[in-house]
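Novice:
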Amino acid sequence: MSDRLRYDIGELRVAADTMRAFGTNALTATGVPRDDAAFVVETLVHCDLRGVFSHGTRLLAAYTEALQIDAINPTPDIRVSRSDGAARVTGDRSLGQLGARAGMQAAIDIAQERGVGVAVTSDTGHFGAAAYWALMAADAGLIGHAASNMAGPCMLATGSRQPATGNTPLAWAFPTHGSQPVVLDMASGAYALNKLHMVGTTTGTLPKGVATDSEGNPTTDASKLAYVLPAGGPKGYGIGLVHDLMAGVLSGDGATLIKGALDPVNRVPRGSLFFLTLDVDAFLPLGDFRTAMDAQSGAVNALPPAAGFEMVQMPGQPEWELFEDRVANGIAYPASVIDPLTAMADRLGLDAPAGF
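Be aware that the sequence shown starts at 2, since it is given in the numbering used here, and climbs by one per residue.
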């Protein structure tokens with residue numbers, strides 16, 4: 002389900018290339034090398050194109066602030082060490098997308114050699130949407146999985162009034178014959194926290210049963226938002242905790258509850274990442290797998306829809322529909338994206354895109 006069902010979509014349409022140039026200039030203004038800046042911004046614009054504004058270019062405002070206070074290293078020395086079928090990446094306080102690129106690429110390389118690849122990244126930042134990294138594997142003809150324990154303790158454990166883990170994001174992607182892999186991208190909480198913040202900015206009111214205040218009391222008041230409730234109660238809590246452990250403990254950074262929400266020196270979240278890749282050809286011919294995925298998608302789409310729905314869709318399908326429209330017609334940005342980016346442009350002395 003995409004952001005178009007979460008908060009208002011604006012009337013201003015901006016071409017993706019315009020946002021790429023603007024975002025790249027913003028990161029280079031804070032010391033990030035242009036090639037790295039362009040890559041990071043590409044991952045964020047990809048989110049905007051898919052309608053996932055919560056994890057798109059709006060994050061540049063926070064990233065540039067962190068870079069300006071040296072909480073993020075603009076020129077990190079990212080290192081990859083391999084041992085048999087696994088890799089460990091040290092991010093050196095990098096932008097999360099750079100640490101994620103190194104981790105997923107290592108997992109892809111290993112899977113292409115050995116059938117299965119696993120990698121972890123430590124000491125990095127927010128990696129954007131988990132889907133981007135799973136799709137990176139699918140584009141290489143692999144099944145891809147990505148998870149992060151970035152956000153700090155913000156999701157309640159079942160039966161608790163205080164958080165036990167982050168709102169751990171995770172994604173899976175599966176190659177198809179077309180250019181749109183099947184992709185599941187979800188938070189372990191009822192909503193992604195960034196989406197709740199955007200909903201609150203737009204309406205001031207949160208959906209019922211998804212969030213609490215700082216005392217663990219249910220709230221729909223966006224100004225009191227402190228923690229998110231797990232999706233499906235103990236199921237979401239368990240899913241989130243397991244992926245928190247895989248990303249945090251295996252990487253050596255520690256699970257979210259143990260390492261805490263913030264770096265003690267720079268007061269910004271620290272991230273740990275987990276990547277898993279499977280070479281389909283190690284199990285059956287990739288072409289046969291793609292055909293099976295297409296058949297599955299067709300069968301799901303052919304199911305009779307329930308009242309209020311036009312069609313039953315596969316995970317990621319609504320986002321791909323938005324993607325096609327926005328590549329052709331530009332991205333319709335809401336004020337909740339435009340406002341922080343306009344303020345960022347003023348802070349950095351840059352020209353914002355026309356119409357912002």
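Glycine is no exception: its CB is placed at the ideal position from the N, C-alpha and C atoms.
1. Tell me the DSSP bridge mates of Phe40?
2. Kindly indicate the opening and closing residues of the beta strand (DSSP E) around Leu1.
3. Taking only three categories from DSSP, how would you classify Pro182?
4. Under the DSSP definition of a beta bridge, which residues are partnered with Ile332?
5. Based on Cα-Cα distance, which residue from Met137, Ala72, Val121 and Arg102 lies nearest to Gly86?
6. Using 8 Å as the Cβ pair cut-off and three pairs as the minimum, do the segment 273 to 282 and the segment 96 to 114 touch?
7. Out of curiosity, what's the CA-to-CA distance linking Arg94 and Asp37?
8. Could you tell me the alpha carbon to alpha carbon distance between Leu143 and Gly92, rounded to whole angstroms?
9. Helix or strand or just coil, what does DSSP make of Leu143?
10. For Pro265, count neighbouring C-beta atoms within 10 Å of its own C-beta (all shown protein chains included) and say buried if the count is 16 or more, exposed if not.
11. Rounded to the nearest angstrom, what separates Phe23 and Pro354 at their Cα positions?
12. Could you tell me which whole beta strand (DSSP E) segments of length 3 or greater appear in the segment 124 to 177?
13. Kindly confirm or deny that the segment 50 to 57 and the segment 176 to 196 touch, where touching means at least three C-beta pairs closer than 8 Å.
14. With DSSP as the reference, identify every bridge partner of Gly118, one or two as the case may be.
15. Do you know how far the Cα of Ala72 is from the Cα of Ala30?
16. Please state the DSSP three-state secondary structure of Arg51.
17. Going by the beta-carbon positions, is the gap between Gly201 and Ala232 smaller than 8 Å?
18. Please list the terminal residues of the continuous alpha helix (DSSP H) segment that includes Val250.
19. For Val328, does the count of other Cβ atoms within 10 angstroms reach 16, so buried, or fall short, so exposed?
20. How would you label Asn150, buried or exposed, when you count the other beta carbons within 10 angstroms and need 16 or more for buried?
21. Can you look up Val46 in the DSSP assignment and give me helix, strand or coil?
22. Of the residues Val33, Thr292, Phe40 and Asp295, which one's Cα is nearest the Cα of Asp18?
23. Between Val338 and the rest of its own chain, which residues show a CB-CB distance below 6 Å, the 5 nearest in sequence each way excluded?
24. In terms of residues, what are the limits of the alpha helix (DSSP H) holding Arg94?
25. Just the C-alpha distance for Ala107 and Ala248, rounded to the nearest angstrom, thanks.
26. Find the nearest neighbour of Leu242 within the set Gln318, Pro306 and Thr159, judged by alpha-carbon distance.
27. So what's Pro265 in DSSP terms, helix, strand or just coil?
28. Identify, in the order they occur along the chain, each residue of the same chain with its Cβ nearer than 7 Å to the Cβ of Leu342, setting aside the five sequence neighbours on each side.
29. Rounded to a whole number of angstroms, what is the C-alpha to C-alpha distance between Phe310 and Pro176?
30. Could you tell me the alpha carbon to alpha carbon distance between Gly97 and Arg21, rounded to whole angstroms?
31. Is DSSP giving Tyr64 helix, strand or coil here?
32. Taking just the CA atoms, how far does Val119 sit from Gly179?
33. Please list, in chain order, all residues of the same chain as Thr221 whose beta carbon is under 8 Å from its beta carbon, the five residues on each side excluded.
34. Got a sec, what are the start and stop residues for the alpha helix (DSSP H) Arg291 sits in?
35. So Ser1 and Ser252 are in contact, right, with Cβ under 8 Å, and what is the actual spacing, rounded?
Specialist: Concretely, from the data shown:
1. Your numbering for residue 40 matches position 39 in the sequence shown. Answer is none; Phe40 lacks a bridge partner.
2. An answer regarding residue 1 cannot be provided, because it is not within the stretch 2 to 357 covered by the chain.
3. Within the sequence shown, residue 182 is the residue found at index 181, counting from 1. If DSSP states are grouped into helix, strand and coil, Pro182 belongs with coil.
4. Taking the first residue of the sequence shown as 1, we reach residue 332 at position 331. Answer is Val15.
5. In the sequence shown, the residue the question calls residue 86 occupies position 85. Here the closest residue by C-alpha is Val121.
6. yes
7. What you label residue 94 is simply residue 93 of the sequence shown in a count that begins at 1. What you label residue 37 is simply residue 36 of the sequence shown in a count that begins at 1. Each residue's Cα considered, the two are about 14 Å apart.
8. Translated into positions along the sequence shown, residue 143 becomes position 142. Translated into positions along the sequence shown, residue 92 becomes position 91. Looking at the two C-alpha atoms, the distance is approximately 24 Å.
9. As a first step, residue 143 is located in the sequence shown; it is residue number 142 there, counting from the start. Reduced to three states, the DSSP call for Leu143 is strand.
10. Translated into the one-based positions of the sequence shown, residue 265 becomes position 264. Since pLDDT at Pro265 reaches only 47, below the 50 mark, its modelled position is unreliable, and the value read off the structure follows with that caveat. Its Cβ having fewer than 16 others within 10 Å, Pro265 is exposed.
11. Taking the first residue of the sequence shown as 1, we reach residue 23 at position 22. Taking the first residue of the sequence shown as 1, we reach residue 354 at position 353. If you take the alpha carbons of Phe23 and Pro354, they lie about 7 Å apart.
12. 143 to 149, 164 to 166 and 170 to 175
13. yes
14. Counting from one through the sequence shown, the residue named residue 118 turns up at place 117. Answer is Thr278.
15. Your numbering for residue 30 matches position 29 in the sequence shown. Your numbering for residue 72 matches position 71 in the sequence shown. Taking the straight line from one Cα to the other gives about 15 Å.
16. Within the sequence shown, residue 51 is the residue found at index 50, counting from 1. Coil at Arg51, not helix or strand.
17. Counting from one through the sequence shown, the residue named residue 201 turns up at place 200. Counting from one through the sequence shown, the residue named residue 232 turns up at place 231. No, the Cβ-Cβ distance between Gly201 and Ala232 is not below 8 Å.
18. Translated into positions along the sequence shown, residue 250 becomes position 249. Per DSSP, Val250 belongs to the alpha helix (DSSP H) from Pro235 to Ser252.
19. Locating residue 328 in the sequence shown gives position 327, counting from the first residue. Under this definition Val328 is an exposed residue.
20. Taking the sequence shown and counting its residues from 1, the one referred to as residue 150 is at position 149. Flag for Asn150 reads buried.
21. The residue given as residue 46 occupies position 45 in the sequence shown. DSSP places Val46 in helix when its eight states are reduced to three.
22. By 1-based counting over the sequence shown, the position of residue 18 is 17. Checking every option, the nearest Cα to that of Asp18 belongs to Phe40.
23. Walking along the sequence shown from the start, residue 338 turns up at place 337. Cβ neighbours of Val338 beyond the five flanking positions: Phe54 and Arg59.
24. For the purposes of this step, residue 94 is taken as the residue at position 93 of the sequence shown. Careful: Arg94 lies outside any alpha helix (DSSP H), inside the beta strand (DSSP E) at Ala87 to Ser95.
25. Position 106 of the sequence shown holds residue 107. Position 247 of the sequence shown holds residue 248. Going from the Cα of Ala107 to the Cα of Ala248 covers about 15 Å.
26. Taking the first residue of the sequence shown as 1, we reach residue 242 at position 241. If we check each option's Cα against that of Leu242, Thr159 comes out closest.
27. Taking the sequence shown and counting its residues from 1, the one referred to as residue 265 is at position 264. Residue placement at Pro265 is poorly supported in this model, since its pLDDT is 47, which falls under 50; the coordinates still yield a value, given next. Here Pro265 sits in coil by DSSP.
28. The residue you call residue 342 lines up with position 341 of the sequence shown. Cβ within range, chain order: Thr58, Arg59, Leu61, Ala62, Ala353 and Phe357.
29. Residue mapping note: residue 310 aligns to position 309 of the sequence shown, counting from 1. Residue mapping note: residue 176 aligns to position 175 of the sequence shown, counting from 1. Phe310 and Pro176: Cα-Cα distance of roughly 26 Å.
30. For this step, residue 97 is matched to residue 96 along the sequence shown. For this step, residue 21 is matched to residue 20 along the sequence shown. Each residue's alpha carbon lies about 18 Å from the other.
31. If you number the sequence shown from 1, residue 64 lands on position 63. DSSP places Tyr64 in helix when its eight states are reduced to three.
32. Numbered from its first residue, the sequence shown carries residue 179 at position 178. Numbered from its first residue, the sequence shown carries residue 119 at position 118. Their backbone Cα atoms lie some 26 Å apart in a straight line.
33. Numbered from 1 along the sequence shown, position 220 holds the residue referred to as residue 221. Correct list, in chain order: Thr206, Leu207, Pro208, Lys209 and Ala212.
34. For the purposes of this step, residue 291 is taken as the residue at position 290 of the sequence shown. Per DSSP, Arg291 belongs to the alpha helix (DSSP H) from Leu287 to Asn302.
35. Beyond the ends of the chain as shown, which are 2 and 357, falls residue 1; an answer cannot be given.
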